Every structure is written in structure tokens, then in C-alpha cells.
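**Q** Per the working numbering, the sequence shown starts with residue 4, numbered consecutively. Backbone N, C-alpha and C define an ideal beta-carbon position, used for all residues, glycine too. Note that this is a predicted model, so its numbers are computed, not measured.
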Amino acid sequence: MENAMKSLKVFVVVVALQFFLRIQFASAAEINTNEVSSSNAPSWVKVSRVDRVVSRVQRFMEWDLRKVKVVWYSDQKEFQHFHHYDSSVLAVTQKPENTIHLGPRVDNSNFDAVFGHELVHAILFQKYKKSIPNWLEEGLANYASKHGTVDYRWIASQPFVDVKTLGHPFLDSAHSTLSPRYHYQVSTALIQMIASKCNLEELLQLSLGTSLENYLSTTCELDDINASFQTWVKKKNKANS
Ligand SMILES: [Zn+2]
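See below:
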């Protein structure tokens, strides 16, 4: 009887170990395409899915990506220790290094939008350098990757600032009282406004090697971006309520 119990215990330990190893093994996979390389992608990330997101963003941005490295994090603490921003951050792109870092909260439900958003950042650096002003970068990344929605009622309840002075959502010392959410929401709303006034793809092409700001007045008839934005937010808020 005692021997039987012993072998049962050994059997349980062996099964548990196999199960653990299988999970460990299944949680990391190699992805290597023309545009993306990753050595530790979760098993649910399939090459076909990566290709689909890459193609969509490349088409919108009219650019063939120079191969980006993608690093996955399974530990939130380790991820935050790497980027030093707050816990709301899902992913980070290191532009000069051409590397995208995806945190543990990037999952099956949000991968396309989050990864697409980061790919736009990588392309903006590879193709546009400084052509796209800071205050439009996050909005463009959201717009091109269909990431998130704009809450116009919330924006209308917030103070209006000179939108051209807005910087990086987490590093904007000139507007330290404004939340990262404010930066993302306003930037995305601005892109929606610009896209409603002129052809965004055309505007991006014109901006190559120069600044997009030069064309807002001539191509989109946006002479005073701040005044137009306040009118736009009021109109959208009214339409939604
Ligand atoms: Zn971003």
C-alpha cells in the first residue's frame, strides 16, 4: 500500500512537471518574417497574423519596414523597470534601436491594435524622421492602427491648450498637469479632424522631407489649428450627445 502511494506521488510529480514544461515551451515561439523578428513570442501569435497587421500598416503609411525586432515581456515589473513609465503603458518602441517591446497585457484581444500602433512609430522614424510633429504622432499611430476611440465629451470637459505645444504623453514637462490620456485623446481627435478636411495619405506624402505643419493651411484649409480644433470638439461632442 505504502509503495503504491509512493509511486502514485511520483507519477503525479512527473505529470505536473511535464505539464509545466509544456506551458513553458508553448509560451515562447520564434517569429521571423521579412519585417519582424522575435525569439520569444507567445504561442498564440501566428506569423499570418503578424503579416496581416504589418501589411495593413505598411499600406497606410506607404512604406516597406526595415526589419524590426520585437521583444515580449511576461513580467509586468520587469517591463516597467525597462520603460520607466507608469503601469498604463502596454508597449514601447525604441526608435533608433528599431525595437518594439510588448508588455504582458498585450494579448489575443488587443494585439492587432497595439502592435499596429507601435509599427506606426517605427515607420515614422524610418520614413518621416521629424516631419510629423510630436503633437500628432500618437494620434496618427492610433488612427492608422485603429487603436482606441476618442471620447469627445471627455475632451470637451478638459482645458484647451495650444495643441501645437503638446509633446510626448509621458515626457511633456511643459504640460505636467495634463495626463497621458489627455495627450493621446487630443492627438487622436486632431488626426480625425485633419482626416475629415483633407486626404491624410496625400498629406503624409507631401510632408516627406519637410514638415506636415506646412501643409495644414494650404492643403487642409486649417489656418488656425487651435480655433478649428475647439469648433471640431464642440461639434463632435454635440453630435454624440
Ligand atoms: Zn504610441
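1) I need the boundaries of the alpha helix (DSSP H) containing A242, first residue and last residue.
2) Using a Cβ-Cβ cut-off of 8 angstroms (strictly less than) and excluding sequence neighbours within five positions of A198, which residues of its own chain qualify?
3) List the DSSP bridge partners of T102.
4) Is the stretch 86-93 close to the stretch 146-163, with three or more CB pairs under 8 angstroms?
5) If you run the structure through DSSP and keep just helix, strand and coil, what is V56?
6) Which whole-angstrom value is the C-beta distance of V166 and N229, which I expect to be below 8 angstroms?
7) Which stretch, first to last residue, makes up the alpha helix (DSSP H) that contains N123?
8) Determine contact between the stretch 125-144 and the stretch 185-194, defined as no fewer than three beta-carbon pairs at a distance below 8 angstroms.
9) Nearest to V74 by CA position, among E100, W66, L211, is which residue?
10) Is E121 near ligand 1, with its Cβ less than 8 angstroms from a heavy atom?
11) Taking 8 angstroms as the cut-off, is the beta-carbon of T102 closer than that to any non-hydrogen atom of ligand 1?
12) Thinking just about the alpha-carbon of each residue, which of E204, A31, S176 is nearest to the one in W47?
13) If we ignore side chains and look at the alpha-carbon of each, how far apart do L219 and A44 end up?
14) Could you tell me whether the stretch 51-59 touches the stretch 100-119, using the rule of 3 or more Cβ pairs below 8 angstroms?
15) Is the beta carbon of L181 sitting closer than 9 angstroms to the one on I194?
16) By a C-beta neighbour count over all protein chains shown, 10 Å radius and 16 as the cutoff for buried, is A242 buried or exposed?
17) When DSSP labels each residue in this structure, what does I34 get in the three-state scheme?
18) Taking the beta strand (DSSP E) that V39 falls in, what are its first and last residues?
19) Would you say A125 touches ligand 1, meaning its beta carbon is less than 8 angstroms from a heavy atom?
20) For P172, I'd like the list of residues in its chain whose CB is within less than 7 angstroms of its CB, leaving aside the five on either flank, ordered along the chain.
**A** Short version:
1) Taking the sequence shown and counting its residues from 1, one reaches residue 242 at position 239. Residues 228-243.
2) Counting from one through the sequence shown, the residue named residue 198 turns up at place 195. Cβ neighbours of A198 beyond the five flanking positions: Y146.
3) Looking up residue 102 in the sequence shown gives position 99. Looking at the DSSP assignment, T102 forms a beta bridge with K72, Q97.
4) no
5) Working through the sequence shown from its first residue, we reach residue 56 at position 53. The answer is helix: DSSP assigns V56 an H, G or I state.
6) Translated into the one-based positions of the sequence shown, residue 166 becomes position 163. Translated into the one-based positions of the sequence shown, residue 229 becomes position 226. That pair is a contact at about 6 angstroms.
7) Translated into the one-based positions of the sequence shown, residue 123 becomes position 120. The question names Asn, but residue 123 is Val in the sequence shown. Looking at the DSSP string, the run of the alpha helix (DSSP H) that includes V123 is 114-126.
8) yes
9) Within the sequence shown, residue 74 is the residue found at index 71, counting from 1. Nearest C-alpha to V74: E100.
10) Translated into positions along the sequence shown, residue 121 becomes position 118. It does: the Cβ of E121 is within 8 angstroms (strictly closer) of some heavy atom of ligand 1.
11) Locating residue 102 in the sequence shown gives position 99, counting from the first residue. Incorrect: T102 has no Cβ contact closer than 8 angstroms to ligand 1.
12) Numbered from its first residue, the sequence shown carries residue 47 at position 44. Looking at the Cα atoms, A31 is the closest of the given residues.
13) Here residue 219 corresponds to residue number 216 of the sequence shown, with the count starting at 1. Here residue 44 corresponds to residue number 41 of the sequence shown, with the count starting at 1. About 40 angstroms.
14) yes
15) In the sequence shown, residue 181 corresponds to position 178, counting from 1. In the sequence shown, residue 194 corresponds to position 191, counting from 1. No.
16) Residue mapping note: residue 242 aligns to position 239 of the sequence shown, counting from 1. Its Cβ having fewer than 16 others within 10 Å, A242 is exposed.
17) Numbered from 1 along the sequence shown, position 31 holds the residue referred to as residue 34. In the structure shown, I34 sits in a strand (DSSP, three-state: E or B).
18) On the sequence shown, position 36 is the one that residue 39 refers to. Unbroken beta strand (DSSP E) run through V39: 39-44.
19) As a working mapping, residue 125 is identified with position 122 in the sequence shown. Result no, Cβ not under 8 angstroms from ligand 1.
20) Taking the sequence shown and counting its residues from 1, the one referred to as residue 172 is at position 169. Excluding residues within five positions, the ones whose Cβ falls inside 7 angstroms are E141, P183, H186, Y187.
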